[in-house]
Every structure is written in C-alpha cells, then in structure tokens.
Amino acid sequence: MSEEIQARFHHRYAGFTLDVDLQLPGKGVTALFGPSGCGKTTLLRCMAGLTRADQGQLTVNGEVWQDDEHWRPTHQRPLGYVFQEASLFAHLNVRRNLQYGQARVQKTERRIELGSVVELLGIAHLLERMPQGLSGGERQRVAIARALLTSPRLLLMDEPLAALDIARKMEFLPYLERLHDELDIPVVYVSHAPDEVARLADHIVLMQEGRTVAAGPLTETLARLDLPIHLGEDAGVVLRAVVVERDTAWHLARVEFPGGSLWVRDGGHAVGHAVRVRILARDVSIALAPVVGTSIQNCLPATVEQMAGDYHPALSLLRLRLGQSPLLARLTRRSAAALELESGKLVWVQIKAVALIG
Amino acid sequence: MSPDDFTAIALTAKLAALSTLLLLILGTPIAWWLARSRSSLRSVVGAVVTLPLVLPPAVLGFYLLVLMGPQGPVGHFTRWLGLGLLPFTFPGLVVASVIYSMPFVVQPLQQAFSALGERPLEAAATLRASPWDAFVTVALPLARPGFVTAAVLGFAHTVGEFGVVLMIGGNIPGKTQVLSMAIYNHVEALEYANAHWLASGMLVFSFAVLLLLYSRGWNRQP
Chain A
387 MSEEIQARFH HRYAGFTLDV DLQLPGKGVT ALFGPSGCGK TTLLRCMAGL TRADQGQLTV
447 NGEVWQDDEH WRPTHQRPLG YVFQEASLFA HLNVRRNLQY GQARVQKTER RIELGSVVEL
507 LGIAHLLERM PQGLSGGERQ RVAIARALLT SPRLLLMDEP LAALDIARKM EFLPYLERLH
567 DELDIPVVYV SHAPDEVARL ADHIVLMQEG RTVAAGPLTE TLARLDLPIH LGEDAGVVLR
627 AVVVERDTAW HLARVEFPGG SLWVRDGGHA VGHAVRVRIL ARDVSIALAP VVGTSIQNCL
687 PATVEQMAGD YHPALSLLRL RLGQSPLLAR LTRRSAAALE LESGKLVWVQ IKAVALIG
Chain B
18 MSPDDFTAIA LTAKLAALST LLLLILGTPI AWWLARSRSS LRSVVGAVVT LPLVLPPAVL
78 GFYLLVLMGP QGPVGHFTRW LGLGLLPFTF PGLVVASVIY SMPFVVQPLQ QAFSALGERP
138 LEAAATLRAS PWDAFVTVAL PLARPGFVTA AVLGFAHTVG EFGVVLMIGG NIPGKTQVLS
198 MAIYNHVEAL EYANAHWLAS GMLVFSFAVL LLLYSRGWNR QP
C-alpha cells in the first residue's frame, strides 16, 4: 500500500478553472498555500466530495475514493473536515456534537477516544455547554475534536484559524502542533498565512489561479527562487532544529540544524527538544569576512548558490547553503554587485533575527 | 350555547388538527424541495402552492367543487376508488382545507430550510451522516421554530376558514358545519347572543395564537 495521496481534479465554474495533479505524502501536514481565490478551498472540497469536479481522481493511501467509474459520496469517505467557521450543530451541546460523528463510525474502526481528544484540545470543561456560548477559538477546537473522533484517514482543514483574531490564533496554534506531533493522520491544511504554514507544515503546495505552481518539502520549497508567487516581506526559510544548549544567564538557547547552529531567545524548551526556526530573507545580511564588533550574535559561513530578482527592481534575493540547509537573503542589487557575489562564492551570513516557532 | 355549537367546535378542532397533520406531512417535502432545488420548475410550483393566499376562497371553493363533483376528474377518481363523492362530506372538507392552508405551512418551512444553508448538512456529511440521516438529525431539529410557526398558522387558518367550507362542505350540522358556519347561522337567525359567544371565543383564540407566535420571536432561528 502506497503511503501517499494522489489527487487529480479538473473543475470549471464561473470563469474559473481548477486544474491540479498532485502527489502528496501520506503522512504529516501538507499546506495548500496561495492567495485568496486561487482554488485552495475548491480543491479541498473536491477531495472531500463536497464539490463534484467535472473530472477527478483521488486515491488515499491505496484506496480509491473517486475516479472515472467510482464516486464515493462524502459520508462514505473516511475523512475529517474542519471548515473555516466551526459549523457546530447549534441544537446539540458540545458533547453531543463530538459524539455525532463518532457514533456513525463502526466500533472496530474507532482508533481515537473521546477522552484523549478532549484532553489534547483542552475542551473538557466545555462538554456540557451549547456552541452559542463558546468563543471562536473554543468552537474551532471542538470542531477539530469532532472531526478527529471519526478516526479519519485524512484530515482536511480549511483555514481553521481565519476566523480568529491574533490573540486567539496564538492560543490555538499549540493545539494544532500537538495534533501534528501526537496523531499519525495525514493533514491537508489550507492557508494563506505564511506564519501558520511555517509553524505547521512539513510539505507545501503553492497554488495560483487554480493551478499548482510548486510542491515539495517545506524547507526546500520555501528556499526556491523561481517561484512565481512572491512572498514579498515574508520570503524566508524554515529550518528544523534541536535545542542543544541553554544559556540561563542571558536567556538564550542554542539550536542546531543540519549545517550549523544559532543562538535564539530561550523559548523554555528543554535540551533535546525539536523546534523550528524561521529566518526571513530581510533579516539576513552578507559579509565577505567574519565581522568583529557587531551586535549580531549569529554569524555563519555559507556558500552562495543562486541569485534572482526580487519584488522590487532595487532588490535581489540570494539563496545560500549552510551545510545541508538552505537560507535566503535579501539585499540591494548594488550591494550584491559591490561584493561581487556569484554562485559558489564563500561568504559570511549575519542573521539579525531568528524566530523560534514551536 | 346550543349542543349544535359544541358539535361545531368539536368538528372544527378535529378538522384543523387533521388538516395540520396532513399539511406538515405534505408541506415538509414541498418546502424542502422549494428551498433547495435549482430546478426551473421551482417558481411554477412555488406560485401554485402560494395561489390560495391570493385567490378569493369562493373561487378556490368553486373549482374544488367542480373538480370533486360528479362530472369532475377528481370526482370520477374517488368514485372509481369506491369512496363516493367528496363534496359535502368531512373528508372533502379536509382535502379543501389542506389545499387552502398550504401556503401558510409551506412558507415558514421553506424559510426555515433556506435559512439553514448548506453548511450544517455538509458538516453532517463529513461526519458520516447520509443525506437522509442528516435531514432527520440536523435539518429537522434546526428548523424546529419553522415547524412551530407552520403548525400554528396552519391550524389557526383552518379554524378560521369560511368561503371554501361554504362551497365544499355546505352547512350540515355534525358533518360539515364548522365554527364559522355556526356563527353565520346564528347571525342569520338574529341570535346575536350565541353569535357573540362563538365569535368572541374565536377572537380570543386568534389573539392567543398570535401572542404565542410573537412571544417566541415569530420565526427566530435557534
């Protein structure tokens, strides 16, 4: 049985065409990322069978959900779906909302227990409440728990954080991370927020105008310079790292990634804990020799790999390599020329800011 | 009040209860279809169902009489079934009432179903509920205020009908003489005191019904 999801859809509606042919990994979190109106939600709805594409094939870990001859209606697909708005049933309390899907799955198929999901998402105190009395974040957590309790073999999430304000988002993200760490269910996650993708995704599919323009592992894909989607100020890389040292006197932690290590603000993680760090291209500067007398803590040797134009004619985007890890740097074309940067050149990168995420 | 008056009240209650039950059974699928179908027939069906709202009851009663009479197609059919003719019988009154009160039941139900939108049903489908399962366990409970409104309006409207009853039912005590007919008879006979009893009873009943509906917020969603 192949551990992957094959999705091919062609769907035309109201002046818009969705045309995708994707192979997604059968585990981990895949982010469908792109601007509003690029067809992310339509693709997700096609996968769920909520929208019937003109032509579509979908195979999930070896099981055909639809092709030219077969069509499984939504209620016969072992999936969980989380809508942008929680869409809880207003006539049922939280407990009965949670049990709605669970009761419709055969006992032998149930792999997820109510108690553990309730604890994972921190909703034990809400069980007897009605949905109307919950905050947006609470509702969304209940919606996710409800979807998980059908023991899905694929979890589809359509911008579950879009309806939340920043504070609620920050409060909510850790729950999604726990989900990612503790449950072995492939997730397809629709988002147009780079910070969510950086925190949660293992794999990313970039979409534009109904088509996929790039797909691959998060780190490598974000470091590509040839992407037609310009992330603008958000361009940067996400590296997987491990906490290796903590400097309690200065509240700093050293995290190691394949190709180097960085000092970051101590996020309270124990030594050995896996974390992600996000480094934006605008926070990386280049020097030809190690710099002394600078306030910048992180200064590492790297190799220039590729250069490309950026979203403004004065700027260029540079891809570098630190060991096995890629890095993006943004500088003006004039400085790139002055430093005579070219592919293969050895330089020193100074990293002004590193965001420790998760 | 005379024994005939009590008979008329009982008959009216029986007629209204039976009609309301039939209206909810027939009106629910019609309203569901009207609320959700994208068929081009939708506007035609909608207009036909709403017709009794604007048609003079005498016109409706007249056509029903013709249709259900010995020369009418419905009359032929009921006789072929061995049921005899419907006009001037209680079953005939029920059929006429159901048609006459249909818009009062279908419209609140249709509104309630439209207000639900697709989302709760889609959510139910992603939680493994078949369309029928979702209809029973999600759509019906969520549309409950619509059902209350529909039942109350259908019942009250049937209680109050006159023109259609006069045309179809005639005025046979114990068989087709309903409350409004009884009041009419009393007035004709200049028995104003009796008419007052029944009429004021109707007034109080109608007011109570509307008070109930308004205090519930009319067609408020849960």
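Residue numbers (our numbering), protein chains in the order written: chain A, 387 to 744; chain B, 18 to 239. Glycine is no exception: its CB is placed at the ideal position from the N, C-alpha and C atoms.
Where N188/B is concerned, there is no enclosing beta strand (DSSP E), because DSSP gives it neither an H nor an E. The Cβ neighbour count for Y467/A, taken over all protein chains shown within 10 Å, is at least 16; the residue is labelled buried. In summary, I116/B is buried, with 16 or more beta-carbon neighbours lying within 10 Å of its beta-carbon over all protein chains present.
Residues F172 of the same chain have their beta carbon placed closer than 8 Å to that of A34/B, with the five preceding and five following residues left out of the count. The CB of G519/A never comes closer than 9 Å to any CB in chain B; the least such distance is about 13 Å.
Taking the beta carbon of F469/A as reference, the chain B residues within 9 Å of it are R136, E139, A140 and T143, listed in sequence order. If you ignore the 5 residues before and after E619/A, its C-beta comes within less than 7 Å of the C-beta of R668, all in its own chain and listed in chain order. For the pair P104/B and G86/B, the CB atoms are nearer than the 7 Å cut-off.
L72/B does not reach chain A, its nearest Cβ partner there being about 37 Å away, counting only Cβ pairs nearer than 9 Å. W457/A is classed as exposed because its beta carbon has fewer than 16 other beta carbons within 10 Å across all chains shown. Only residues of its own chain outside the window of five on either side were considered, and among them V415, A417 and L604 have a CB closer than 6 Å to the CB of A587/A, listed in chain order.
Comparing alpha carbon positions, the residue from A167/B, G163/B and E208/B closest to L38/B is A167/B. Collapsing the DSSP output to three states places I200/B in a helix. As DSSP reads the structure, S711/A sits in a beta bridge with L708/A. Contact of A548/A with chain B by beta-carbon distance below 7 Å is absent, the smallest such distance being about 15 Å.
For R664/A, no alpha helix (DSSP H) run applies; the uninterrupted beta strand (DSSP E) run containing it begins and ends at A660 to L666, by DSSP.
The stretch 590 to 598 of chain A makes contact with the stretch 399 to 410 of chain A; the number of CB pairs closer than 8 Å reaches 3 or more.
The secondary-structure analysis by DSSP pairs G442/A across a beta bridge with F395/A.
Put simply, the CB of A173/B is far from chain A, with every gap to its CB atoms at 7 Å or more.
Using a 10 angstroms sphere on the CB of K493/A, the tally of other CB atoms stays under 16, which defines it as exposed. Taking 8 Å as the upper bound on Cβ-Cβ separation, chain B lies near residues Y486, G487, R490 and V491 of the stretch 486 to 497 of chain A. Taking all protein chains shown into account, W451/A has 16 or more neighbouring C-beta atoms within 10 Å of its C-beta and is therefore buried. Per DSSP, the unbroken beta strand (DSSP E) holding G695/A starts and ends at N684 to G695.
Taking CB atoms only, A146/B has a neighbour in chain A less than 7 Å away.
Scanning chain A for C-beta atoms nearer than 7 Å to the C-beta of V155/B yields F475, reported in chain order.
Sorting G109/B, T154/B and T95/B by C-alpha distance to the C-alpha of N188/B places G109/B at the top.
Rounded to the nearest whole angstrom, the C-alpha separation of R161/B and P125/B is 10 Å. Annotation for V122/B: L40, G44, A167 and G171 place their beta carbon closer than 6 Å to its own, counting only its chain and skipping 5 residues before and after. Within the stretch 699 to 722 of chain A, no residue places its CB atom closer than 9 Å to a CB of chain B. The beta-carbon distance between M219/B and L183/B, rounded to whole angstroms, is 16 Å. This is too long to meet the 8 Å contact definition. Boundaries for F94/B: no beta strand (DSSP E) harbours it, while the alpha helix (DSSP H) harbouring it runs P90 to W97, taken from the DSSP string. Residues of chain B with a Cβ closer than 8 Å to the Cβ of A434/A are, in chain order, T143. I590/A sits buried, since 16 or more C-beta atoms from the chains shown fall within 10 Å of its C-beta. C-alpha of I47/B to C-alpha of R431/A: approximately 29 Å in a straight line. The beta carbon of P108/B does not come within 7 Å of any beta carbon belonging to chain A, so the residue lies off that interface.
The beta-carbon separation of L58/B and A476/A, rounded to 32 Å, does not stay under the 8 Å limit for a contact.
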